[in-house]
Structure formats: C-alpha cells, structure tokens
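Protein chains in written order, with UniProt numbering: chain E, 1 to 222; chain P, 1 to 367; chain U, 1 to 750. In what follows, a single structure is set out as structure tokens and then discussed.
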Amino acid sequence: MSGTLLAVERLNLAFVSAGQRVPVINNLTFSVAPGESLAVVGRSGSGKSTLLNLLCGLQTPDDGVIAIDNESFGNASDAVSIARWAELRRQLIGVVFQQANLMPALSLVDNVRLRTHLAGRHKQDERWWLQRLGVGDQADRYPDRVSGGQAQRAALAMVFAMSPSLILADEPTGSLDRHTADEVAESLFNVQVETGCALVLATHDSELAACCGRVLDLSAAG
Amino acid sequence: MAVVVGLSALGAGLSGCDDPSGESGFAGLAESGGQAEASAFLQPKPGTRLVFPDDWGPHPQHRIEWWYFTANLTTPEGRPLGVQWTQFRQALQPRPAAKAPPSPATWPMDSAWMAHGAISFNGDHWFEEKVARGDIGHAGASADPFRVWLDDWELAPISESDAWHLQVQGDNWDYDLTLSNTGNITAHGDGGFSAKSSSGEGSMYFSLAHLNVTGTVTVAGRTQAVSGKGWFDREWSSQFLKAGQQGWDWFGLHLEDGQKLMAFRLREGDSTFSSGSWVNADGDVESLQEDDLTLSPTAWKESARGRVPVVWQLRVSGRGVDLRVKASPGEHWNAGLVSYWESPVAVSGSHDGKGYMELTGYADQAP
Amino acid sequence: MLIRAFLSHYQRHPFQLAALMLMIVLATMLWTGVTVLTDQARSSLAQSEETVAARAHIVRTDGQPVGVEDFVRLRKTGVCVAPWLEVKRPAPEGQVIGVDPMSMACFGRSAPIQDAASLDGMPFMDIGDALRVSQEGYDSQLYLIAPRDDIELPQGYALRAFSLAPPTGELADSFLLNLDALSLLVLLITGLLIRSVYRLGLVQREASFELLYRFGVLPRRIRQLLVLELVVLTAVGVPPGLWLGASLAEALGTGFGQALGSLFDLTLYAESFGSLPWRAAVVMVALVLTVCLLEWVFPQPRQPAMVSAYARLGGGALLLAGALGVVLATELVWVFAGTALVFAGVGLLTPPLLAAVEERRSVRSGATASVADPLRRWRARELSVMFRQLALPVVALQFSIAAVLAVHALVTTFESTFEQWLGQRLAADFYIEVPQGGDSATAARRLNALEGLGTWHLVAHGKAQVRPEEAGTGADPLTADLMALTPITDLVSDWALLSSAERPWRELASGAVMVNEQLARRHDVEVGSPLELTIAGTRMRTNVVGIYADYGRPVAEVLLHADTLPAAFTPRSESFSVNKGELSRDVIHDRLADTWGAPDLQVRDNASIRELASQIFDQTFLLTRAISALTLVLAAVALLIMIWVFFTTRVWYFRLLGVWGLQGHQVRRQLRLLSVRLTLTITAAALPLGIWLTWVLVNRINPLAFGWSLPMDLYPVFWLELGLMAGAAGLLVAHLMRRQLERDANGERP
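In structure tokens form, the structure reads like this:
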C-alpha cells in the first residue's frame with residue numbers, strides 16, 4: 001500500500017428542486033492512491049461533474065468527508081476551508097474541463113505561464129510542456145486560433161506544468177472527434193504515468209474509462 | 001347676469017392665464033377656500049332690499065359684483081350688431097362700510113378689477129380684457145354721480161342730462177354709445193334678492209331693460225352710426241353659486257311687443273335651477289319660479305372651444321310664451337382669463353324679438 | 001413558430017433584451033432631457049433678455065418725481081404704463097423690484113414678469129410688498145415704465161430710455177449657437193450608445209440566424225422580423241424614456257435651481273414644463289431605427305470596423321483633414337464639418353489606439369517574466385480585447401466626457417465673460433446722462449472741485465469714419481461709433497485688453513486710438529496699424545495702440561481721448577461715470593442737478609444693475625450645468641450597462657481564475673483593477689478631445705459666427721472630478737459583477 005492521496009467517505013449531496021430533495025451523490029466512499037488513475041462513469045446527470053466539483057472544493061457536500069493528502073474537509077464552508085481549498089487548487093489539484101480551460105486573451109504559452117505562476121512555480125518550462133504535449137509550435141498563438149484538440153493539449157500542458165498531485169478531468173475529450181480524442185487521451189495517460197500524479201477522470205466513454213486503473217460507476221453506486 | 005370670474009387668481013399675478021383655478025372661478029365663490037373666508041363678507045339674503053343711489057356704486061363688503069351692458073344695435077344698412085361691456089370687481093379683503101379705503105400711495109391689493117368689451121358683427125367676434133388692481137384710482141366705480149371706469153374705458157353720465165355715455169376701445173375696434181333709460185328699475189327675485197339655488201345662495205340683482213342706445217361703432221376698419229335697444233344689469237354677492245354648480249345659461253330678451261324676459265338656469269350635474277322675470281310693456285315685473293319656466297337647448301354647435309347649445313326653447317307656462325331663441329351665426333367666445341359665450345340672439349315663436357345670451361362652463365379649457 | 005424561434009434568443013438571454021430596452025429608454029431619456037433643458041435654457045435666456053431689455057420710462061417734464069397719481073392719470077388716458085419700484089436693500093437680501101403684474105398685462109410678451117412665480121422677491125415682488133420692504137428704511141425709487149419708446153403721451157410727460165442692463169445682443173446668440181452644437185453632439189453620443197448595445201446582441205444571435213437560414217428561412221424574412229422587433233422595442237422603449245427625460249430635466253432644472261437658489265440666493269425663472277416633448281420623440285425613433293438598421297445598408301464585418309487597420313488609416317486621415325479644416329475654415333459650416341470629421345477620426349482611432357497601448361503594456365510585463373506578474377499581463381490583454389470589442393460604447397463615453405468638459409468650460413467661460421462684460425460697461429458706481437443743453441465742461445470742473453469724490457470720467461459719444469491704411473485710399477471708409485474719454489482713470493485702465501502697445505493708455509492720451517474686437521477682426525486691424533479717421537469733417541491719421549474685447553457688440557467702435565477730438569465735433573450724447581468715493585450719492589446728484597438746473601436728473605446705480613443682471617442670467621447658467629450633468633450621468637450609466645453586459649459574457653474566465661486557486665477576494669480585486677482602469681483610460685482619452693472641442697467652440701466657431709472670441713480657460717479641478725467619477729463607475733461595475741460571480745460557481749461555460 002503506497003498510502004492514500006484522496007479519501008472520500010460517506011459523501012452526500014442533494015439538490016432541492018421544487019421542494020423535493022433530489023440526491024445526487026449518495027453515501028459515496030472511495031479512495032485514490034498517489035499515481036493511480038480512476039475513471040468515474042455513469043449516465044448523464046448521475047453526478048460526475050458534481051463529484052469533481054466536490055473533490056476540488058468548488059462545491060461543498062451536505063455530509064461526509066473528503067481527505068486530500070491526509071487533510072480532511074467536511075461540509076464546512078467557512079472562510080478558512082474555502083481559502084484552504086483555493087490553495088490546494090492552486091498548488092496540488094489541476095482541473096481540466098471539456099472546453100474553455102484557457103484565457104482567450106492570452107497566448108497558449110502565457111496561459112501556461114499564468115497557471116504556473118499561480119501555482120508558485122517559476123521554472124520557466126512552459127514551452128517545454130507545450131512541446132511535450134505536442135503543441136510547441138502553437139505556443140504563441142491565441143486559443144481561438146488553434147483547433148479544439150490543440151487547445152485541450154495546451155490545457156493539459158498547463159495542468160501538468162504546475163506539477164499537481166491530482167488531476168481532475170471532466171470529459172476532457174468530450175468535444176473532440178474520435179481520432180483527436182484518442183490522441184489527446186494518449187498524451188494525458190502517458191504524461192500522467194510519467195509524472196506520477198493521480199488522475200480522476202469523469203467520462204461516459206467506456207473506452208476511455210478502460211484506460212484507467214479503476215472504474216467507479218456512479219449509476220451503480222447511486 | 002354676467003360672468004363671475006376668478007379674479008382672485010389675479011391677486012397672485014398674471015398666472016391666472018394658465019392656472020386651472022381660472023376655470024373653477026366660474027363657481028369660485030362656492031369653493032371651499034372661499035367658504036372659510038365668506039364669514040367676513042356680507043352675504044345677501046331673502047329680504048335684503050335695494051338701496052338707491054348707493055347700490056349703483058361698489059359694495060366693498062361683498063366679494064364680487066359687476067356692471068353689465070349689452071345692446072342689440074342696427075347699422076345704417078340694417079345689419080345687426082351686438083356690443084357687450086362688463087366690469088367686474090373682486091374683493092380679496094372685505095372692507096366694512098365704516099372703514100376708509102386704503103391710500104393709493106400704498107399700492108394696496110385689497111381688490112381687483114376686470115373689464116370685458118366685445119363686438120359681434122357679421123359672424124365675427126371681437127373681444128378685449130383689461131385688469132387693474134383696486135383702490136389705486138385707474139379702475140373703480142362710484143354711486144353718485146354714477147360712474148364706472150377702468151383705464152380709458154368708462155361708463156359715465158352725460159352732464160345736464162339723464163343719459164349715460166359708454167366709451168370702450170379695443171385693438172382696432174371701439175364703440176362710443178349714448179344710453180337713455182325709458183323704463184323703471186327692474187328688481188329681480190324677491191325685491192332684488194335673486195336666488196341661485198334652492199338652498200339659499202343668491203345675489204342682489206336689478207336691471208334696466210328699457211334702454212335706447214345710439215352712437216358709433218368702429219369695427220373691421222369702418223366707423224358706423226348705430227342705434228338699438230340696450231340692457232343693463234347690476235349684480236353683487238359674496239356666495240353666488242353653491243358647490244357643484246358648473247355654469248349657467250342666461251337670456252335677456254327684448255320682445256317686439258315691448259315686453260321683456262330675463263331667464264336663467266344654473267346647471268348642476270343633470271339637474272338645473274331656473275329663475276327669471278317677466279316685464280310687461282308697462283314695466284310691471286313678475287318673478288318667474290322654477291315651475292313657470294322651461295329652458296331647453298334644441299341644437300348644439302361644435303365650436304373651437306367646446307360644444308355649445310346655440311338654439312333654445314324657452315317656455316313660460318300660463319302665458320302662452322313659447323320662444324325659439326337662436327344665437328347669431330359665428331363663434332362668440334369671450335376668451336379672456338376664463339372663456340365664456342356671449343352672443344346676440346334672435347327670438348321667434350310665440351313672440352318675435354332679440355336679445356343676448358350668455359353661456360358659461362362650456363369651454364373645454366381655459367385659454 | 002418562426003417568431004418564437006426568432007425570439008428564443010431573448011428567452012435564453014432576457015438580460016440582453018432588458019439591456020437593449022434599457023438603452024433605448026436611457027438614450028431617449030438623455031436626448032429628451034437635453035432637449036427640454038436646452039429649450040428651457042433658451043427661453044430662460046430669452047426671458048432674462050426680455051427682463052433686462054431696453055424699454056422706456058416716463059418722466060414729468062416739470063422735473064417732479066412721478067407718483068401713483070401720475071400712473072393713474074396716464075392709465076386713464078389709455079397709456080400702457082406700469083409701476084416699477086426699485087428698493088435699494090443692501091446685500092445679503094439684496095435689491096428688490098416692486099411691480100404690478102396687472103398693469104403689465106398690456107406689455108404682452110415684453111412684460112418683464114410673465115409668471116406669478118417670479119414674484120418671489122428675487123428680485124421681483126408685488127409692488128405693495130416691495131413698498132413695505134422700503135419702509136424698513138431703504139431708499140427706493142419709483143419708475144413708470146412703458147413697453148416701447150414710441151408711444152404718445154399727454155402733456156407734461158416725456159419718455160426716457162430705461163433698461164436694467166445693456167442689451168446682451170450677440171453674447172446670448174453665441175451662447176445658444178454653442179448650446180445647439182452641443183445638443184447635436186449629444187444626439188451623436190446617443191446614437192452610438194444604442195448602436196453598440198444592439199450590435200452586441202446581434203453578434204450573439206448570428207448563430208441562430210445561421211440556423212434559421214439552414215432551415216430554409218430567407219435572409220429577407222429574418223431582416224423583416226428584425227425590423228419588426230426593433231419597431232416594437234422602440235414603441236415600447238421611447239415613451240417611458242420620454243417621460244423620464246422630461247421628469248429628470250424638470251427635477252434637474254428646478255431641483256438644481258432650488259438647491260443653488262437657497263445656497264447662493266440666485267433667481268430662477270422656472271419656465272413651466274409643458275407637455276412631453278414629442279418632437280424629441282420623433283427624432284429619437286428616427287435615430288434608433290437609423291443606427292440599428294444601418295446594418296442592412298452597410299453590412300458590418302465580424303470584427304468591428306473600428307479596429308481594422310484600414311479603419312485606423314482612415315481614422316488618421318479623417319482626423320487630419322478635420323483638424324486642418326477647422327483651423328483653415330473661413331466659414332462656419334466648414335468648421336462644423338471639420339469638427340464632425342475630427343470626431344469621426346477620433347472615434348475610429350481611439351479603440352485600436354487604446355488596445356495597442358494595453359498590448360504594449362502586456363508585452364512589457366512579459367519581457368521580464370521572472371519578476372512580472374502574469375496576472376497583470378492578463379489584465380492588460382483583457383483590456384486590449386475590451387477596447388476592441390467595446391469600441392462603440394468606449395467611443396460614446398469618450399465623446400460624452402468630452403462634451404461634458406466642453407459644456408463645463410463653455411458655461412464657466414460665458415459666466416466669467418458675462419461678468420467681465422458687465423464690469424467693463426458698468427465700471428463706475430453711477431452713470432449720469434448729461435441732459436440736453438447741459439454743459440459738461442462746467443460739470444466736469446465742478447466735479448473736480450468736489451472733495452472726496454472717487455474717480456470719474458466723461459464720455460462723449462458720436463460717429464467717425466474709419467479707413468484702415470492697409471485698405472488703400474480707394475476703399476470706402478466705414479462708419480464706427482466714437483467714444484471720447486476724459487480724463488483717463490482706473491475706470492478704464494483696468495480693462496483687459498486683447499492686445500496692446502506697451503503703455504496703451506498713455507499713448508491714447510497723446511493722440512492714439514483703441515478699437516474694439518469687432519473692428520479689429522472684420523477689418524484686419526492690429527496694434528500698430530495706422531488708421532485714418534474722419535471726425536466732424538476733419539481728417540486725421542493716427543495709429544492703433546490697443547484692441548479691447550467687446551463681447552457681442554456688432555458695431556465697430558473707436559475709443560480716443562477727448563483732447564484728440566477736432567474743435568468742430570459735437571457729441572450726440574455725453575455721460576459721466578462716477579465713483580462716489582467718500583461722498584454720498586445725493587451730494588453728487590445735487591451738485592450736478594444744480595449745475596444743469598435739472599432737478600429730475602436720473603442717476604443710474606451701476607452696482608445694483610450689475611448685481612441684478614447677473615442674478616437674472618444665473619438661471620441660464622444653472623440650466624446648462626444641469627445639461628452637462630445629465631449627459632455625463634447617462635453616458636456613465638450606459639457604459640456601466642455595456643461593461644456589465646460584456647463582463648457577463650466573460651464571467652467564466654473570472655471563475656476560471658477561481659478554479660485555478662485564486663480566492664474570491666483576489667478574483668474581485670482583478671475585476672476592480674480591470675474595470676477602474678477601463679473607465680479611467682476612457683476618461684483620459686476624452687480629455688484631449690474635450691479640450692480641443694472647447695478650443696473650437698471658443699476660438700473658431702465664435703469668432704466666425706460673431707466676430708469676437710471668448711477667453712479660453714481650462715479647469716483641471718473639473719478633470720479631477722470627472723476622473724473620480726469614472727473611477728467610481730468602475731468600482732460600481734466591479735461590485736455588480738461580484739454578485740454575478742458568486743451566484744453559482746458551476747455556471748454556464750462559453
């Protein structure tokens with residue numbers, strides 16, 4: 001056992017809709033070890049994105065505990081916890097969405113530079129990371145001047161450049177065509193293994209899920 | 001009867017021109033603001049008697065009064081020509097009889113005067129209005145000798161004669177008339193007290209209905225000798241209309257056989273209050289009550305300032321009087337601070353004749 | 001069904017519909033407000049002029065003062081005459097004038113009092129009340145004024161000139177012309193604002209139009225629907241805007257006035273606000289339809305035209321051509337055309353220029369990446385994007401701030417010019433006309449002998465033929481008004497001369513002349529120019545040693561020393577201007593009256609005329625201030641909406657900063673820095689344009705229209721106030737956005 005990076009215990013979250021409590025995350029427990037990859041699957045609306053939001057502190061659970069690197073967070077949404085979550089997102093947790101991961105006003109390399117600056121890393125290896133993800137020659141272009149696949153590669157470069165312990169990816173290839181999606185996914189898994197960071201990947205794509213070490217099916221769990 | 005105009009609006013200056021209170025000035029005496037002060041003013045009651053010669057002159061203890069004259073004249077070519085002159089006094093402060101008038105040197109503002117002059121001829125109507133503050137001297141009235149004046153407009157006796165001289169100048173028109181009285185004073189209502197509602201509001205009111213008029217009129221660029229019949233009214237009160245009365249329709253008619261008819265009705269919503277006097281050729285007066293008298297409009301005119309009844313049926317029961325009274329052609333608005341209709345009329349039906357008609361409360365808006 | 005699909009955009013983005021509606025309402029409000037206030041300023045000015053305009057007053061030929069009996073006598077002979085009682089109550093309450101509104105009924109439009117509301121004691125009140133004030137122990141004088149100076153009078157009475165102040169003439173016309181020019185500018189700003197919001201919505205709907213087109217809906221049909229939609233929006237938006245504008249103008253016009261009135265004891269001639277200004281509505285509807293449907297006449301490229309390099313080049317060319325036109329123009333219309341070109345040029349240049357500046361900042365902050373803050377770079381880049389994408393509203397705000405600057409400078413300038421102008425004409429305490437047959441030389445000797453008298457001079461008025469030497473001997477001489485002074489004292493030597501020789505007054509005393517600005521401008525006369533004068537048939541050569549400002553006097557004027565006059569000269573009129581010094585007014589009056597044997601000698605009190613005239617004109621200046629305040633407030637509100645709409649489309653990127661680990665307060669700080677910098681930059685960009693516009697109004701339009709110029713002053717404190725306001729607007733946007741940011745962290749992504 002190489003220890004636990006992320007531990008989730010009896011996590012609960014419900015939305016209130018028209019006076020009715022609609023449970024989204026229902027008594028969920030799981031853990032992720034450092035360097036491990038976990039696919040979160042489930043139908044649309046099964047709470048994949050919500051879970052990822054909870055795991056990076058963008059939402060607060062009704063109940064349960066999330067522990068990151070042995071630091072526990074409950075359902076408190078006080079200033080201290082909010083600040084601590086922000087610090088974690090800055091330095092430890094990288095988040096990749098389906099799209100719009102980049103500031104449109106900045107070039108790809110400036111996006112990476114801004115992200116690493118926020119993470120407190122000043123290695124000036126932005127171009128290297130873009131090269132590593134296969135978009136080195138697009139580094140000075142603006143997000144709206146590159147393809148969707150290239151933008152997602154840049155987003156991954158940005159996340160890896162901050163040296164996170166955990167990457168939360170929400171359908172990162174969801175808006176790409178099959179071929180590009182496969183290429184981007186390949187880069188993602190390669191670099192993830194290389195850097196040894198953990199990955200929680202929400203997807204409805206079973207092929208992509210199969211690439212992960214473990215699969216958590218929210219439809220079944222719920 | 002003549003128009004009761006909200007002269008009090010003038011007290012604050014010329015704002016009366018666009019002040020909606022000008023309109024309510026028709027019934028201004030019955031307004032709530034007026035009622036509170038009314039106690040300080042003297043109010044005519046049934047039983048109040050006329051006193052001569054004092055009643056020719058002003059009544060400083062009363063809120064409002066006027067001197068009114070109309071004439072149905074004829075030009076040398078036989079065309080009808082009507083003239084009107086009215087001078088109003090409105091008190092802002094009542095002045096007891098014992099108290100001396102304020103000195104003109106203090107520019108007092110206890111009362112205000114207004115005069116209206118108008119000519120109706122060939123379907124056209126000329127009108128002018130003058131205003132003045134009272135007690136200064138350029139506007140006023142006196143009982144003995146009898147005189148009424150405002151600036152250079154004046155009604156005054158002709159020396160060494162019983163006749164009067166009326167002189168009025170407008171913008172590009174004027175008239176200069178001699179008025180000779182051939183009849184008695186007609187006291188209306190109860191010995192001069194003329195009720196204006198069933199609840200007791202009223203005024204002191206008398207007329208000279210038998211006036212011979214001669215003189216010259218300049219209008220439309222021509223000066224013409226004229227002659228005809230005139231009608232003179234004196235009326236004063238402090239509480240003239242009761243609240244809610246919207247206006248009146250008044251007629252002063254000279255019938256061919258020498259008889260005279262004065263009739264009016266006051267309108268309040270759908271109901272009316274009518275009254276009048278029948279004067280026979282000998283000058284005997286009979287007061288006409290509500291039941292004796294029917295005044296009903298039979299034709300209306302869409303005029304520039306509103307819808308006006310221009311043809312009337314007047315009936316006096318028990319006398320076989322059934323008259324059709326028709327305004328002369330054209331529009332006859334006196335468009336001053338308050339607009340009202342003042343036109344010569346032709347009488348047909350059971351009797352022929354002519355006269356004057358005054359209609360108030362029909363103008364859409366104050367000018 | 002098609003309509004539902006068409007409108008689905010607004011169903012999803014109700015805020016955009018609301019923004020467009022709001023903009024139409026606000027724009028209508030702005031235009032209406034300005035129209036109403038301008039009209040009011042116009043009639044207020046007219047009324048002020050009427051009040052101070054020259055009239056006649058009636059005096060008794062027996063020299064006795066007039067009284068109420070004279071008034072009555074005159075009225076009874078049919079003369080239109082009204083009493084006018086001046087009560088010389090000292091400050092702070094100040095002078096009052098008692099009038100009788102009833103006897104002024106015959107004055108018609110030229111009645112100084114049109115409105116009972118004016119009888120508020122500032123300075124007019126009912127004559128009876130005024131008399132009671134005078135009985136508190138103040139001097140008073142009764143005049144009997146007449147509306148015209150050509151009326152017939154009965155025996156024993158004569159007419160004399162009477163006015164409250166010298167006629168303002170072209171000073172007022174010039175003010176109104178400038179006001180009109182500014183109204184046009186406001187209309188332009190309004191158009192820009194509406195167009196910018198409309199375009200913003202349209203760009204976002206392009207995708208759905210594309211979809212409808214693919215479904216087989218003809219572009220023509222889509223256009224028809226867009227026109228219909230616009231007509232409906234206009235019909236709904238214009239009436240409330242109209243009402244709001246009129247109400248706001250009324251509030252500003254009266255509220256403003258009341259506040260200042262109670263603070264500074266100013267007179268307000270509040271013209272009653274009539275019905276809604278429907279003319280403004282027609283203009284507005286036409287404007288909305290035009291600026292929005294411009295799209296169909298000149299299809300716009302995706303990238304706002306204002307940012308393309310082509311536009312930049314065109315903008316530069318327009319700016320240059322316009323500026324040249326304004327400088328070189330010899331006719332007013334070309335100055336206006338040039339100004340329009342400059343505005344167009346500035347409008348085209350400003351957004352790319354500001355974007356480029358931010359671009360440079362971002363490059364600079366990237367050059368030294370090790371120490372630089374990438375967040376600063378991001379902000380610079382965001383701003384650069386905003387200047388491109390918000391080009392229209394940015395320019396609209398720039399124009400409105402420029403307009404406000406110009407209005408402010410103009411109004412302040414007019415005010416001080418007016419004061420100077422009054423001061424120049426009414427320098428002494430008293431002004432005494434020498435009566436017909438009166439001997440001025442004896443009077444001057446007797447004044448000289450008066451111990452304790454202040455400075456005084458005698459002015460003889462007449463005519464002179466003037467021929468500038470440059471014009472050549474063949475040129476026709478022109479007739480000028482002649483003023484001959486003696487002695488020269490500080491009553492004139494303090495005049496602000498536009499240009500002068502070294503010791504102009506000394507040279508004047510030894511035979512040189514001064515000319516007014518009108519003569520100098522129209523006939524190219526400069527200091528040092530030789531001048532040929534013909535006075536009373538005597539020809540003389542002299543030269544010009546000074547040019548004095550004479551705002552608004554259309555007639556050429558020559559000023560010289562009385563000693564220079566030929567012996568044959570007989571003045572048309574003569575008058576003394578006298579400072580009383582240690583003596584009382586009565587002593588001086590009696591001395592002169594005695595000299596001339598004229599007990600009815602009229603002494604005009606200049607100080608109170610001056611005080612009254614400025615009191616009366618203050619109203620106009622209050623209103624123009626209100627116009628500038630309204631323009632600014634509404635332009636700022638419009639920009640606020642625009643920035644807000646724009647930020648809303650970019651709210652995700654601020655949230656992304658949160659995802660990347662910035663805490664809420666840090667994100668909000670970024671937001672504040674961005675929006676404040678945006679508004680401040682626009683204000684800074686408006687400054688040169690505003691100063692230039694002021695210069696054009698004062699130094700180009702005015703001299704061309706009227707032959708004289710106003711002094712140009714700048715008011716940096718006001719710039720600072722504008723800057724503060726812009727900063728506050730920026731903070732307000734940031735505050736509004738804060739709520740949007742906090743609403744739902746998991747919000748919609750682009």
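Heads up, the beta-carbon is just placed ideally off N, CA and C, and yes, glycines get one too. Remember, predicted model here, so these are calculated numbers, not experimental data.
With DSSP as the reference, label residue i as helix, strand or coil.
i: U:Leu153; result: coil
i: P:Trp341; result: strand
i: E:Val159; result: helix
i: P:Asp124; result: strand
i: U:Thr32; result: helix
i: U:Val525; result: coil
i: P:Ala299; result: strand
i: P:His188; result: coil
i: E:Ser187; result: helix
i: U:Thr564; result: helix
i: P:Pro80; result: strand
If you measure between the beta carbons of residue i and residue j, is that distance less than 8 angstroms?
i: U:Pro703; j: E:Leu114; result: no
i: U:Leu184; j: U:Ile24; result: no
i: U:Pro571; j: U:Ala460; result: yes
i: U:Leu131; j: U:Gly78; result: no
i: U:Val335; j: U:Ala344; result: no
i: residue 373 of chain P; j: P:Met204; result: Since the first and last residues shown for chain P are 1 and 367, residue 373 of chain P lies out of range.
i: E:Gly42; j: E:Leu218; result: yes
i: U:Gln436; j: U:Ala686; result: no
i: U:Ile535; j: U:Leu497; result: no
i: P:Met109; j: P:Arg133; result: yes
Could you give the residue range of the alpha helix (DSSP H) that holds residue i?
i: U:Trp692; result: Gly664 to Trp695
i: E:Asp140; result: First-last for E:Asp140: undefined, no H or E at that position.
i: U:Ile3; result: Leu2 to Arg12
i: U:Pro435; result: Premise fails: U:Pro435 is in no alpha helix (DSSP H) and is neither H nor E.
i: E:Asn111; result: Leu108 to Ala119
Starting from the beta carbon of residue i, find every residue of chain U whose beta carbon is closer than 8 angstroms, and list them in chain order.
i: E:His117; result: Asp373, Pro374 and Leu375
Below 8 angstroms on C-beta distance, what does residue i contact in chain P?
i: U:Gly78; result: Asp151, Asp152 and Gln169
i: U:Asp100; result: Trp107 and Arg133
i: U:Ile127; result: Trp107
Under 7 angstroms: does the beta carbon of residue i sit that close to some heavy atom of the ligand FMN?
i: U:Gly423; result: This structure simply doesn't include the ligand FMN, nor any ligand for that matter.
Hey, could you find the ends of the beta strand (DSSP E) residue i is sitting in?
i: U:Arg572; result: It is not in any beta strand (DSSP E) - U:Arg572 carries neither H nor E in the DSSP assignment.
i: E:Ala83; result: Where E:Ala83 is concerned, there is no enclosing beta strand (DSSP E), although the alpha helix (DSSP H) it sits in stretches over Ala79 to Gln91.
i: U:Asp605; result: Val603 to Asp605
i: E:Asn27; result: Gln20 to Val32
What does residue i reach in chain U if we use C-beta pairs closer than 7 angstroms?
i: E:Val95; result: Val659
Could you list which residues in chain U have their beta carbon closer than 9 angstroms to that of residue i, in chain order?
i: P:Ile64; result: Correct list: empty, because the minimum Cβ distance to chain U is about 17 angstroms.
i: E:Arg10; result: None at all; the shortest Cβ gap to chain U is about 22 angstroms.
- Item | Unbroken stretches of the beta strand (DSSP E), 3 residues or longer, contained in the region 438-488 of chain U | 456-468 and 478-486
- Item | Uninterrupted beta strand (DSSP E) stretches inside the region 531-557 of chain U (no shorter than 3 residues) | Counting only runs of 3 or more, we get 538-548.
- beta strand (DSSP E) runs contained entirely in the region 242-315 of chain P, provided each spans 3 or more residues: 247-255, 260-268, 271-279, 285-288 and 293-303
- Task: Would you list, in sequence order, the uninterrupted beta strand (DSSP E) runs of no fewer than 3 residues that lie entirely inside the region 131-170 of chain P?
- Result: 139-142, 147-150, 153-157 and 164-169
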